[in-house]
Amino acid sequence: MITACHLGPTPYAEGLRLQEALVGAVADRRTGDWLLFPDHPPVLTVGRGGAPGGLVADRAMLAERGIEIFDVARGGDITWHGPGQLVGYAICDLTRGRDLHRFLRGLESALIDVLAGYGIEGTRVEGRTGVWVGERKIASLGIAVRRWVSYHGFALNVAPDLRFFELIHPCGLRGVRMTSVADLLGAGAPALAEVRERAAQAVARRLDLGDVRWVGRDAVLEAAREAATAVAVR
Amino acid sequence: MPIKIVVPQLGESVAEGTVSKWLKAVGDRVRKEEPLVEIQTDKINVEIPSPAEGILEKIVVQEGTTVLVGTEIGQLSGAGEASESDVAAPAAMTSAAVTQAAARAAAAVSAPRGAAGATATAAPPVAPARPGAASSGNGGAEIEERNLSPAVRKMMRENNLAADEVAAIRGSGVAGRVTRDDLMQYLQSRTERPAAAPAARAAAPAVPAAPPAFLAARVAAAAGGPREEVIPFSKVRKLIAENMVRAKHTAAHTHCFDEADMGAIVALKKEWGPKLEAQGTRLTYMPFFIKASVIALREFPWVNGEVRGDSMVVKRYYNIGMAVGRDEKGLIVPNLKDCDRKNLVQIASEVNDIAARARTDRLKPDEIAGGTFSITNAGVYGAINSSPVINVPEVAILGVHKIVERPVIRDGQIVARPMMNASIGFDHRVVDGELAVKFLRRVCEILEKPELLWFYA
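Chains as they are written, first to last, in our numbering: chain A, 12 to 245; chain B, 5 to 461.
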């Protein structure tokens, strides 16, 4: 079983804190696996694969527009998150298979399944982790692992304003163009909520996690709070 | 002896990794389990904990360089103090396991069968009496102390620091643990405002110190809640209840006890634990118990089987069950298949995996069926002996316990040895006392002299 939650509006820093608390709880086997869907305001994050030069826009301009930049401990390079994008944090116990690449491929497969449901053929490109439609990238992945528990996850472009990606060279890849479900389907594009529902199912299926149990934001905050208390008690 | 830091196994399909970030600089002191370096492979960034306590002596592979799994990327200098203390505290296990064990101990599970075999290490560090700690005398302090490193505990003893005093320090270590540096800083700040604190304490006895947060929470719940509560059995609880009653009604339960000098196993675990850990497998005592049991079972086949009607079925395969306690979720006994065909490392890895999945309800049905013999470790919660209930239709169960330094006689001299009591619960219908005693003695013998594996395994 995996517990899923649509967190709603979540500043990036808050999402990070939440994940760190839950990673500890999962590692200590105090909770099962989580799949969290935050709605982040526009934000840029740089993974450990980030090389200088990934950022196109100048920092003053970003500050002016209120777009924060975070250095995070996930794999991968620079990326953008924001409205219209389905961001999924997968906080999963990886001790079962103990194979990090298989986990990554599982998430990719799940996203490819979701796209297939809308008649979009998503593909893998060797050496360029993520999901691609033709030459364009539609979903990015970046995972962090601590004590054999994953966090961070994936970002699927459902209907974001793709101009945001002009601020960066997505994933540090020059000349990469992004696309989205809405871009490809036009008026027939599904709502974010529906994609979220299907993504959760697909992830559970591809990672062999059984049923998806949806909970409210309060339940997640409560679990994180408990995890933090447990840490304090130590 | 420097300890090598290597790129650990990150999965069958992962051949190489890139050093993405050193979290410590050369010369920094690190504790065992403290995040040390990050390795990136594909789009996954993995935090690697330190395999031991020591000082980061050398960075062999710089950030941004990609190397094969198993490559040495740095060196840790001798863990001197930590390794010494390890002998005294064979339970220096990973922080996760400590937390679990502590949490369970706090839950005060009394049934011996509620023992988790998985983390199988028992033996909370035996700290000599600490002046000052006696006054605190609550369970909270005990729990807190188990999560402190041997070095920190030593410092506490030397400075007469009570456990609850240390508990109040904000730790900078993993999961807020109090580190040596934290303690040094605290001691310094304490001497800077001389004797103010003790004086204040003595002068105002009327205001009791606030209990730790978790204690307060528990006390409040007890005071405010109803005096009784009716909690219907869960499905699992119903099954456990039925099994226990059936076991007690059908098998002619009898118990006997022995003890083993665990010195050799403690040393083996100390030496090999960090090496296996570096390869991604946490080593507990359970794999040793399983291995020793399998060898003894092969010599005493009647102990490995089941009663079926009026027949005894002797089994020539060895599926060893281990009791996993899961707090309120209830006991479960998954078994590891064909343990006679697996080496210790394979068993260790499977023990960790199956225990983890037992706790998160991810066992496959065949993993809780088809066992031929079981082991239960009540030592995880601190027990030094138990009379375990047989996992029927099996005919015997081995109980293992806390490893405790005890005075014993060797060559006419009183010496301290890490001793462990072992017990066996057996079905006297088919297993005679003589057989049970001989079998148990053999298990203990193999634990005491692991070199017997050379000759009999």
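From the three backbone atoms N, C-alpha and C, an ideal C-beta is built for every residue, glycine too.
Quick caveat, the model's predicted, so the values are computed rather than measured.
In this structure, DSSP gives Met189 (chain A) an extended state, which the three-state scheme calls strand. Spanning the alpha carbons of Val169 (chain A) and Tyr289 (chain B) requires a straight line of approximately 50 Å. Short of 6 Å from the beta carbon of Leu367 (chain B), and not among the five residues preceding or following it, lie these beta carbons of its own chain, in chain order: Pro338, Arg361.
Within the model, the alpha-carbon separation for Asp185 (chain B) versus Glu57 (chain B) is close to 13 Å.
A direct Cα-Cα distance of roughly 17 Å separates Asp50 (chain A) from Ile102 (chain A). For Lys295 (chain B), the CB contacts under 7 Å within the same chain, skipping 5 residues up- and downstream, are Leu348, Ile351 in chain order. Bounds of the beta strand (DSSP E) holding Glu263 (chain B) are 257-265.
The region 298-309 of chain B and the region 378-385 of chain B do not touch, with fewer than 3 CB-CB distances between them shorter than 8 Å. If you draw a straight line from the Cα of Glu132 (chain A) to the Cα of Ala204 (chain A), it is about 21 Å long. Taken through DSSP and simplified to helix, strand or coil, Ile244 (chain B) comes out as helix. Nearest C-alpha to Glu233 (chain A) among A:Ala36, A:Met12, A:Gly87: A:Ala36.
At a cut-off of 9 Å between beta-carbon atoms, Val156 (chain A) makes contact with chain B. An exposed status is given to Asp365 (chain B), since fewer than 16 other beta-carbon atoms sit within 10 Å of its beta-carbon. Pairing Leu340 (chain B) with Gly325 (chain B) gives a Cβ-Cβ distance under 9 Å.
Here Leu29 (chain A) has Ala235 as same chain residues with Cβ atoms under 6 Å from its own Cβ, once five neighbours each way along the sequence are excluded. The continuous beta strand (DSSP E) containing Cys16 (chain A) extends over residues 13-20. A straight-line Cα-Cα distance of about 33 Å links Phe176 (chain A) and Gly15 (chain B).
Taking a cut-off of 8 Å for Cβ pairs, the region 112-131 of chain A and the region 185-198 of chain A touch, as three or more such pairs fall below it.
Counting only Cβ-Cβ distances below 8 Å, Arg363 (chain B) has contacts in chain A at Arg40, in chain order. In the DSSP assignment, Asn425 (chain B) falls outside any alpha helix (DSSP H) and within the unbroken beta strand (DSSP E) covering 417-431. Exclusion of the five residues before and after Gly108 (chain A) leaves Phe114 as the residues of its chain whose Cβ lies within less than 8 Å of its Cβ. The alpha carbon of Arg157 (chain A) has as its nearest neighbour, out of A:Thr240, A:Thr140, A:Ala38, the alpha carbon of A:Ala38.
Fewer than three beta-carbon pairs drawn from the region 16-32 of chain B and the region 208-221 of chain A are found closer than 8 Å, and the two stretches are therefore not classed as touching. Under the criterion of beta carbons closer than 8 Å, Thr376 (chain B) and Ala327 (chain B) do not qualify as touching, at roughly 15 Å. With its beta carbon less than 9 Å from one in chain B, Phe114 (chain A) belongs to the interface. With the criterion set as a beta carbon lying under 8 Å from some beta carbon of chain A, the region 296-324 of chain B has no members that meet it. Judged by DSSP secondary structure, Val37 (chain A) falls outside any beta strand (DSSP E) and instead within the alpha helix (DSSP H) spanning 23-38. Looking at B:Asp370, B:Lys273, B:Pro278, B:Phe430, the one whose alpha-carbon comes closest to that of Val307 (chain B) is B:Phe430. Judged by DSSP in its simplified three-state form, Trp276 (chain B) adopts helix.
For Gln79 (chain B), the beta-bridge partners assigned by DSSP are B:Lys8, B:Lys62. At least one C-beta of chain B is nearer than 9 Å to the C-beta of Ser161 (chain A).
Residues of chain B whose Cβ lies closer than 7 Å to the Cβ of Gly95 (chain A) do not exist; the shortest such Cβ separation is about 22 Å.
Here the C-alpha atom of Thr258 (chain B) lies approximately 46 Å from the C-alpha atom of Leu218 (chain A). By alpha-carbon distance to Leu27 (chain B), the top candidate from B:Ile52, B:Val408, B:Met188 is B:Ile52. When the beta-carbon positions are compared, Ala155 (chain A) and Ala166 (chain A) stay at least 9 Å from each other. Rounded to the nearest whole angstrom, the CA to CA distance from Pro201 (chain A) to Val214 (chain A) is 18 Å.
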